[in-house]
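Visitor: The structure's right below; bear with me while I get my questions together.
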Amino acid sequence: MGYGFGDECRRRFYSTVSMENKACILITGASSGMGREMAVRFSAVCRVILNGRDTKRLEETRQLCTNPAEQLIWQYDLAKVEELESSFAAFMSAHQIRISYFVHCAGFMKTYPLKMVTAGLFQDTFNVNVISGALLIKSLMNRKMNDTALKSVVLISSNISNFGAKAFSVYGASKGAVDALMRSLAVELAPRVRVNSVLPGGVRTAMTEHMYQDQELINRMATAYPLGLGRVGDIYEAVNFLLSDKARWVTGQQFIVDGGRTINITG
Amino acid sequence: MKEQLAELLEVDEVKDSDVLKDFECWDSLTILSIIAWASENYGKTLLAKDVNEAKTVGGLLALLQ
Ligand SMILES: NC(=O)c1ccc[n+]([C@@H]2O[C@H](COP(=O)([O-])OP(=O)(O)OC[C@H]3O[C@@H](n4cnc5c(N)ncnc54)[C@H](OP(=O)(O)O)[C@@H]3O)[C@@H](O)[C@H]2O)c1
Numbered sequence: 000m001g002y003g004f005g006d007e008c009r010r011r012f013y014s015t016v017s018m019e020n021k022a023c024i025l026i027t028g029a030s031s032g033m034g035r036e037m038a039v040r041f042s043a044v045c046r047v048i049l050n051g052r053d054t055k056r057l058e059e060t061r062q063l064c065t066n067p068a069e070q071l072i073w074q075y076d077l078a079k080v081e082e083l084e085s086s087f088a089a090f091m092s093a094h095q096i097r098i099s100y101f102v103h104c105a106g107f108m109k110t111y112p113l114k115m116v117t118a119g120l121f122q123d124t125f126n127v128n129v130i131s132g133a134l135l136i137k138s139l140m141n142r143k144m145n146d147t148a149l150k151s152v153v154l155i156s157s158n159i160s161n162f163g164a165k166a167f168s169v170y171g172a173s174k175g176a177v178d179a180l181m182r183s184l185a186v187e188l189a190p191r192v193r194v195n196s197v198l199p200g201g202v203r204t205a206m207t208e209h210m211y212q213d214q215e216l217i218n219r220m221a222t223a224y225p226l227g228l229g230r231v232g233d234i235y236e237a238v239n240f241l242l243s244d245k246a247r248w249v250t251g252q253q254f255i256v257d258g259g260r261t262i263n264i265t266g
Numbered sequence: 000m001k002e003q004l005a006e007l008l009e010v011d012e013v014k015d016s017d018v019l020k021d022f023e024c025w026d027s028l029t030i031l032s033i034i035a036w037a038s039e040n041y042g043k044t045l046l047a048k049d050v051n052e053a054k055t056v057g058g059l060l061a062l063l064q
């Protein structure tokens, strides 16, 4: 770190935040994988609000952060979209914070072939991947709750968004929706707030661990990914850039970080 | 249990002795469906390899016990 987003975070000061000068960043999905990595890395320069469902793993993330005592946990099941706004409002008012940056990294993936698809699966997937992210942006744009603190948002999509794969219809549709949401909000919230998305390729995390049990798949990936296997830190770097002022003229964009997987048409 | 499996295999009914590979709809997606079904309804984590090695309907159902 020590450049771009980091410096910016350090400089920021909100008079409403009495206990410190650091900008706050909300990260959903902070209890695992990419979200945990981002929480830990951003905690060096920001105050981090960690969201997830699993209290124990959220606490583990907090302990991995710089200054754990400074970081806040908002434990909430994002699938409960009906009460999401009121729960978040209560959290914000209890802690009297203002949030400048938001990364929606929580994700729900079930790879079901069409014959296993149900309305419930669509609802669960869209609630977590799309609707909760949209409602959180709405809350963060509310002046009573967050003044005009919000500056930049990154939604974690997936490289499936622009492509197709067997058994990925529901998840793929939800990530396509994430990107469509991202574009319209980028226009609606400009010029004050920038909204972009990051589209990772396959990275080994809790979400995909079951796939990596298969050595054949690992071998296939090694050939399909021109740059080889990726890491959670690779996703963090892209997010860091998009949140920072270095990306001040970038909004409404899909940033694909997949080691070249989706441009590889080697037969 | 057998009724649901018959549904997944797109037939009216299944017998323990039916060979999985002989079902007309048997392919990688059906295997994925079975894995999803086992996880959803029986909390079992099956790998594609397990399903293939089960060979018959009876063998598959035994994995879910
Ligand atoms: N790994 C990949 O290959 C890959 C590829 C492309 C895109 N992505 C996307 O990257 C993002 C991060 O995934 P990951 O690989 O880091 O997965 P992960 O390690 O499984 O983490 C998923 C996170 O989402 C949270 N989450 C899930 N459902 C939630 C809910 N109902 N309420 C609140 N939080 C919830 C989980 O929190 P709890 O565990 O506390 O519930 C967890 O922190 C996801 O949006 C995923 O779709 C991943």
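Protein sequences, first through last, are from chains G and Y.
Residue 193 in numbering that gives the first Met the number 0 sits at position 194 of the first sequence; the count goes up by one each step and never skips.
Residue 33 in numbering that gives the first Met the number 0 sits at position 34 of the second sequence; the count goes up by one each step and never skips.
Backbone N, C-alpha and C fix where the C-beta goes; we use that ideal spot for every residue, glycine too.
The model shown is predicted, which means the values in this text are computed figures rather than measured ones.
Give a yes or no on whether the minimum CB-CB distance between Trp36 of chain Y and chain G is below 8 Å.
Guide: Output row for Trp36 of chain Y: interface = yes.
Visitor: Leaving out five residues on either side along the sequence, give the residues of the same chain with a beta carbon under 7 Å from the beta carbon of Trp54 of chain Y.
Guide: For the sequence presented, residue 54 of chain Y should be read as Lys rather than Trp. Here the set comprises Val18 and Leu19.
Visitor: With a threshold of 7 Å, establish whether the CB of Ala78 of chain G neighbours any heavy atom of ligand 1.
Guide: Because some heavy atom of ligand 1 lies under 7 Å away, the Cβ of Ala78 of chain G counts as near it: yes.
Visitor: Look at the alpha carbon of Glu9 of chain Y and the alpha carbon of Arg97 of chain G, and state the distance between them as a whole number of angstroms.
Guide: The alpha-carbon atoms of Glu9 of chain Y and Arg97 of chain G are separated by roughly 55 Å.
Visitor: So what does DSSP say about Pro288 of chain G, is it helix, strand or coil?
Guide: Nothing about residue 288 of chain G can be reported from this structure: the residues present for chain G run from 0 to 266 only.
Visitor: Based on Cα-Cα distance, which residue from G:Glu59, G:Lys55, G:Leu63 and G:Glu84 lies nearest to Ser138 of chain G?
Guide: Among G:Glu59, G:Lys55, G:Leu63 and G:Glu84, the Cα nearest to that of Ser138 of chain G is on G:Glu84.
Visitor: Below 8 Å, can you find three or more Cβ-Cβ pairs linking the stretch 227-245 of chain G to the stretch 23-39 of chain Y?
Guide: No, the stretch 227-245 of chain G is not in contact with the stretch 23-39 of chain Y.
Visitor: Return helix, strand or coil for Arg52 of chain G, following the three-state DSSP convention.
Guide: Three-state DSSP puts Arg52 of chain G in coil, outside helix and strand.
Visitor: Would you check if the stretch 187-206 of chain G and the stretch 151-158 of chain G touch, i.e. whether three or more CB-CB distances between them fall below 8 Å?
Guide: They touch, by the three-pair rule.
Visitor: DSSP on Asn195 of chain G, reduced to helix/strand/coil?
Guide: Reduced to three states, the DSSP call for Asn195 of chain G is strand.
Visitor: What does Ala172 of chain G reach in chain Y if we use C-beta pairs closer than 9 Å?
Guide: Neighbours of Ala172 of chain G on chain Y: none; closest Cβ ~17 Å, over 9 Å.
Visitor: Going along the stretch 192-223 of chain G in order, which residues come within less than 9 Å of chain Y, judged by CB to CB distance?
Guide: Those would be His209, Gln212 and Asp213, in chain order.
Visitor: Using C-beta distances below 7 Å, list every residue in its chain close to Thr65 of chain G, excluding the 5 sequence neighbours before and after it, in chain order.
Guide: For Thr65 of chain G, where only same-chain residues beyond five positions count, the Cβ hits under 7 Å are Ser42 and Ala43.
Visitor: Answer yes or no: does any C-beta atom of chain G fall closer than 8 Å to that of Glu23 of chain Y?
Guide: Closer than 8 Å: no.
Visitor: Between which two residues does the alpha helix (DSSP H) containing Tyr41 of chain Y stretch?
Guide: It spans Ser27 to Tyr41 - the alpha helix (DSSP H) in which Tyr41 of chain Y sits, taken as one unbroken run.
Visitor: Which first and last residues belong to the alpha helix (DSSP H) in which Phe125 of chain G is found?
Guide: Here the alpha helix (DSSP H) through Phe125 of chain G covers Ala118 to Phe125.
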